[in-house]
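The structure appears right after this line, and notes come after that.
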Amino acid sequence: MTAYDLYLVSPYLALAALAMLVIVADLVTRRTGLLVGLAFVGLAAPAALSAWQLADLTSSGASELTAEGSVILYTLSIDRFALFFNFLILAAVGLVVLVSNDYVRRMERLQGEYFGLMLLSATGMMLLAAANELISIYIALELTTLPLAALAAFLPNARSSEAGMKFLIVGAISSAVMLYGMALIYGFTGSTRLDEIAMALAASPQSGPLPFGSMAVLLAVVLLLAGFGFKMSAAPFQMWVPDVYEGAPTPMVAFLSVASKAAAFALVLRVFYIGFDALGGDWWVLLAGLAALSMTIGNLVAIAQRNIKRMFGYSTIAHAGYILVGVAAVATVGDESATFGPSSVLFYLAAYTAANLTAFFAIVCIGNRINSDEIEDYAGMLRRAPFLAIALALALIALIGVPPTSIFIAKIYIFAAAINTGESLMTWLVIIGVVNSVVSAYYYLRVIKVMFLQPAIHTERLGGSWPVNVALGVAALCMIWLGVAPGAILGVAEQAAVVLLVGG
Amino acid sequence: MLTESLVWAIFLLPVASFLLIGLVIRPLGPAFAKSAGYITIAALGIGFILSVWLLRSSAHGEVYDFAPYLWLDLGSAAIEVGLLLDPLTNVMLVVVTGVSLMVQIYSMGYMDGDESFARYYAYMSLFSASMIGLVLAVNVVQMYVFWELVGLSSYLLIGFWHDRPSAAAAAKKAFIITRIGDVGFLLAIIYLFFQADGFAAHGLNALHIPHIWEAAAPIAAGGAGIVAGGALLWLCLGLFAGAAGKSGQFPLHTWLPDAMEGPTPVSALIHAATMVAAGVFLVGRFFPVFAESETAMMVVALIGAFTAVFAATMGLAANDIKRVMAYSTVSQLGYMMAALGVGAYNAALFHLFTHAFFKALLFLGAGSVNHAAGTFNMMYMGGLRKAMPGTYWLTVIGALSLIGIFPLAGFWSKDEILLESWLAGGPVPAAISLLVFAMLLVGVLLTAFYTFRMVHLTFHGEFRGGGERELHDTEEAGEPAPTGVTHHVHLGESPMVMVIPMGILGFSAVVAGWLANPIGVNSIFGLIPSHWLTEYFASGLHDGHHAPPFSIAIAIISNAVAIGGIGLAVLAYAWPRPFLATDPLSRGGILHTLLAQRYYMDDLYEGVIVGRVFYRTVAAITDWIDRNIVDGIVGLVGWVSRNMGSLLALAQNGQVQTYPLIAAAGGLLIIVLYLAFG
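Taken in order, these protein sequences are the chains called A and B. Using the working numbering, the letters of the first sequence correspond one by one to residues 1 to 504. Using the working numbering, the letters of the second sequence correspond one by one to residues 505 to 1182.
Here it is, written out as structure tokens:
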């Protein structure tokens, strides 16, 4: 291992070190503000190192930093794609740390561990976005999941324990299933490296009309997808989502809903676009099916929910469906707009992160004060907490996909990418997506109605501490900014998505 | 030479002032309200200096061409944000910032003591910023955004005293009627957007204004010739619909007289000098496009000339001093449109330029009169000359300038319009051009008459009691008190903070015309070459249309007609018998009623079209469809969604054992489906 290798993995090391540091700091100080400050300011280190790598990448003109002779070559790929997710995940975790300020003050102990686990999970997510090889993928995935399971069970009540337990069990089963899929892939292609898998699959003879060339590959892809589907919270692997969302600590749910989802989609994009590049004609139908199923189930069931966190659980399933539309939008190879699909996914993830964090931050704030997540308790929130109510309303409008907010542009790009493939099935998928967006307006707007029109039961004014308000403000501004001036992030997403095509 | 950021500052300063007042000053409460005025005045003052500087350096041959910034890339069309600094923009900037500055200073006196002082200045800053943004825009979408923002701020300011039902109604009316025109503008933009691929094939951006000029020019003239024939005509008509709505051209003029419900300085700035001129500006902005379509030019010329006469006739019978001014504005905007239609691009813009000064002056005069008499109804004024000599003489100057008496500003610009339509050198047939000339000449007579009717009724004769008397009379008649009328009558000159801006505008109303004198003028600002302003406008066009030589015959004819009109007004209202109580025009019987009822057009729109056609017929049918068909479908979707949702929620039984079961079943199903159909 050379110094250069250390430099390549330095953002991950820095983030993991920060996690340890926060846990240790908790031993010596009782001041919560210090922990929040340390965890937030410490994020500057991995961010700066990632920025340094980005600058290197720009000046060298290469597609990735990992060079010949490096021990992590073919394991981790430090490219624009990975860096895009580094920044996205760091931004999300930074804002969530700020928002946790009020939340952790109510805990009697284990405050350091709370932040430490969150940062460790973020390390796993960043690794997941860079992982280029099945074993690393598996390790990164476990590093992501296990701290989250612990976090889900963090509150000393039955619901939280149940959430943690379910997350752990379903996570373990999906891991096992995914490992089985990986084993089959290895058995079939003789490699765990995505690029070699791609070559082997491209070279293997197609045995008859069987999809994916052979039964083994079909089985492997389905098993892998079952594992990934758990992380993406896509149907029919979504059953754990509402239970965990309802029971787990709200800031952790905010983190889970955006960062974990982003990392999972990074993984899916890499594995399918690079590893299964040759089979693009087969798997896009599978993903399109999952997309339609997720959108429909998520939106329909969300209508029946009374608990806002549970409702957001179903909402996140629906959004996984929209994003899968973009993943399934595989353009014909050699087409100049080949990056359209994946880059629209990246943009959607950024837009969704901004909007969903805004919504969850407002929910954290409100839930913290009224000790309830029932939608009916949000009555009259416009008068009790105008800033929170307006921010939440804006976020809900964004999640429907109404201009001028981030997700409006994101949905336009995703659907345009789908239409662009020229497949009639994709056109139908877009129609399903649009109908679903309309249905989703029903349950999102209902929350706004309750907040704005129904009279308040209590009149006590609510508000958060300044770090919470800052985080909420930043997330809301990003949400509007991405809707009004999406150009910059779209450009970055397009550059990042190029990696997926060069690699394959 | 200005840097790009200095030009942006002209726009950004009022934006900053708006934000500062809205977010900081207003929440601080009434104690700080006064500072809102100073902030707005400072922002516009700096903007005015920068605008003059820009105009001056541009007139000295400096070319400003800044690359626009990309906002949204939509494939072959790109929405950009940038600056289009041609002579038209540069002159408009000076007009907008200059008049706005005067009006803001005047408002410090006029709005003094109003409980919403800060809100007033916040809106005024928003309006000024939007108007400046409109004239600077280089992209049609950018332009449209500001076009609507200007409409929005106009709405807010007309309804400024929103506790008065009539003000709220007028604001709504203005908003809706201008919106009808805006649909045309929007359709034109959508049409351009759909032509984006055709434009891109020539390396042009369909939303970039100079590229649209190029696209409309025929190939023979070195253009791209992409938009031609019928499409070109419809494009022009769409743009003109937007322009007609904003500039109150027939038949979309009905909102402008009602818009006088707003504070008088608002009327002076928005509904006389700047926003209503935005329609003329829009046609001027796309003049190279209009010029390629003879039919479109004919429509513009005839509608303009008709509006000029039509509005003037309604001005004859109005008793509200601001309404007289409003009809006069509509009429003068008709002159500008007619001039554009007959191809007199520079004369039209020249008239826009001079009109801004004398009409703003007349409105501020009306506000000053209201300050003293407590009413806007001229029937209760009279004899104010002695009490307020400053206002009197300034109003007379504005009136003479409006009528077009040599050598005031209005004369030079109106004379040029008449001359060009007489010469008939434009793209429309000569007969049309001469018809326009004849109509505009009739307009001169009417203008002179109603203007001096206003002067006599307001300033000459004996004082007839003002607002106090009017309230007394309406009370006796058992009618509700008219809005804006107060018991507060004090006959005396308005404070200096109001008179001085009027004086500056009065000075401009005298001398602004010399900027396009037929002979070179030696002024304190140095030598002004002959036809300087009109030549400067012409330099903005590719085939610059030059001003024709001055014609003494036309000047004598128009002045004789104008003096004739003044003479008639004197005979009717001042000499030999002074005006007492009844308007001699009211003996005109049915004709007078027709004029006083504004040709019943408001009744036609509100009673017949909206009330009968829309409300009873169209709305009834759509209501039935909505209730029975649309609601049915929506209800069905809702019912299915709710019940499916509950059904699916059943599977969520909370037992973790079932979760992998369902996942496994799903996975299995995928494999089976693949094997069956793959």
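Each residue gets a CB set at the ideal place from its N, CA and C atoms; glycine is no exception.
Exercise for the section: Quick one: list the residues of chain A neighbouring proline 1164(B), beta-carbon separation under 7 Å, in chain order. Expected result: Val170 and Ile173
Exercise for the section: Give, in chain order, every residue of the segment 302 to 318 of chain A whose Cβ lies closer than 7 Å to some Cβ of chain C. Expected result: As a matter of chain content, chain C is missing from the structure shown, whose protein chains are A and B.
Exercise for the section: Go to isoleucine 1032(B), then tell me how far its beta strand (DSSP E) extends in each direction, as first and last residue. Expected result: 1030 to 1032
Exercise for the section: Just confirm the distance between the C-beta atoms of glycine 788(B) and alanine 745(B), as a whole number of angstroms; I'd bet it's less than 8 Å. Expected result: Going by Cβ atoms, the distance from glycine 788(B) to alanine 745(B) rounds to 16 Å, so no, they are not a contact pair.
Handout entry: At least three beta-carbon pairs within less than 8 Å, the segment 399 to 416 of chain A to the segment 440 to 456 of chain A
Key = yes
Problem - Cα-Cα separation between alanine 497(A) and methionine 426(A), rounded to whole angstroms - result: 21 Å
Practice task
Using a threshold of 7 Å, state whether the C-beta atoms of leucine 786(B) and alanine 747(B) are closer than that.
Solution key: yes
Practice task
Tell me, please, whether the CB atom of serine 670(B) is closer than 7 Å to any CB atom in chain A?
Solution key: no
Handout entry: Residue(s) in a DSSP beta bridge with glutamate 374(A)
Key = Asn307(A)
Practice task
State the Cα-Cα distance for the pair alanine 153(A) and leucine 300(A), rounded to the nearest angstrom.
Solution key: 28 Å
Practice task
Please name the residue in Ser1012(B), Leu1037(B), Ile609(B) and Ala1013(B) whose C-alpha comes closest to that of glycine 1024(B).
Solution key: Leu1037(B)
Practice task
Would you give the residue range spanned by the beta strand (DSSP E) that leucine 578(B) belongs to?
Solution key: 573 to 578
Practice task
Please check if any C-beta of chain B sits within less than 7 Å of the C-beta of valine 512(A).
Solution key: Residue 512(A) falls outside the range modelled here, since chain A spans only 1 to 504, and no answer is possible.
Handout entry: Reduced DSSP category for histidine 712(B) - H, G, I as helix; E, B as strand; rest coil
Key = strand
Practice task
Examine chain B for any beta-carbon lying closer than 7 Å to the beta-carbon of methionine 546(A), and answer yes or no.
Solution key: Any property of residue 546(A) remains undetermined from this structure, which presents chain A solely from 1 to 504.
Handout entry: Given 8 Å, three or more beta-carbon pairs between the segment 861 to 870 of chain B and the segment 828 to 839 of chain B
Key = yes
Handout entry: Per-residue contacts from valine 222(A) into chain B (C-beta, under 7 Å)
Key = Gly1171, Ile1174 and Ile1175
Practice task
Could you say which of Ile1070(B), Tyr1077(B), Pro1005(B) and Ala876(B) lies nearest to isoleucine 545(B) if we only look at CA atoms?
Solution key: Pro1005(B)
Exercise for the section: Assign serine 77(A) to one of three DSSP states: helix, strand, or coil. Expected result: coil
Problem - Whole-angstrom C-beta distance between glycine 1136(B) and aspartate 243(A), which should lie under 8 Å - result: Wrong, their Cβ atoms sit about 37 Å apart, outside the cutoff.
Handout entry: Under 8 Å (Cβ pairs) to chain A, residues found in the segment 566 to 590 of chain B
Key = Leu574, Trp575, Leu576 and Asp577
Exercise for the section: Could you tell me whether the segment 81 to 91 of chain A touches the segment 251 to 271 of chain A, where touching means 3 or more Cβ pairs closer than 8 Å? Expected result: yes
Handout entry: Same chain only: Cβ atoms within 8 Å of valine 1001(B), ignoring 5 sequence neighbours per side
Key = Ile609, Tyr610, Met612 and Gly613
Practice task
Determine contact between the segment 374 to 381 of chain A and the segment 102 to 118 of chain A, defined as no fewer than three beta-carbon pairs at a distance below 8 Å.
Solution key: no
Practice task
Give a yes or no on whether 7 Å exceeds the smallest Cβ distance from valine 1138(B) to chain A.
Solution key: no
Handout entry: Through-space distance from alanine 633(B) to glycine 551(B), alpha-carbon basis
Key = 10 Å
Problem - The alpha helix (DSSP H) enclosing valine 846(B), as first and last residue numbers - result: It is not in any alpha helix (DSSP H) - valine 846(B) carries neither H nor E in the DSSP assignment.
Problem - Inter-residue CB distance, tryptophan 926(B) and isoleucine 1058(B) (contact presumed, cutoff 8 Å) - result: 6 Å
Problem - Option in Glu619(B), Ile713(B), Phe703(B) and Met615(B) with minimal Cα separation from methionine 647(B) - result: Ile713(B)
Problem - Buried or exposed (CB count within 10 angstroms, at least 16 for buried), threonine 358(A) - result: buried
Handout entry: Contacts that glycine 487(A) makes with chain B (C-beta to C-beta distance below 8 Å)
Key = Leu574, Trp575, Leu576 and Asp577
Practice task
Apply the 10 Å Cβ neighbour rule to methionine 1245(B) and answer buried if 16 or more other Cβ atoms are within range, or exposed otherwise.
Solution key: Within the shown structure, residues of chain B are numbered from 505 to 1182, placing residue 1245(B) beyond reach of any answer.
Practice task
Pick out the complete alpha helix (DSSP H) segments inside the segment 251 to 327 of chain A, 4 residues or longer, and give them in chain order.
Solution key: 261 to 270 and 280 to 303
Problem - Within chain A, partners of valine 528(B) - CB distance below 9 Å - result: Neighbours of valine 528(B) on chain A: none; closest Cβ ~17 Å, over 9 Å.
Exercise for the section: Report buried or exposed for alanine 475(A), applying the criterion of at least 16 other Cβ atoms within 10 angstroms of its Cβ. Expected result: buried
Practice task
For asparagine 823(B), name the three-state secondary structure that DSSP assigns.
Solution key: coil
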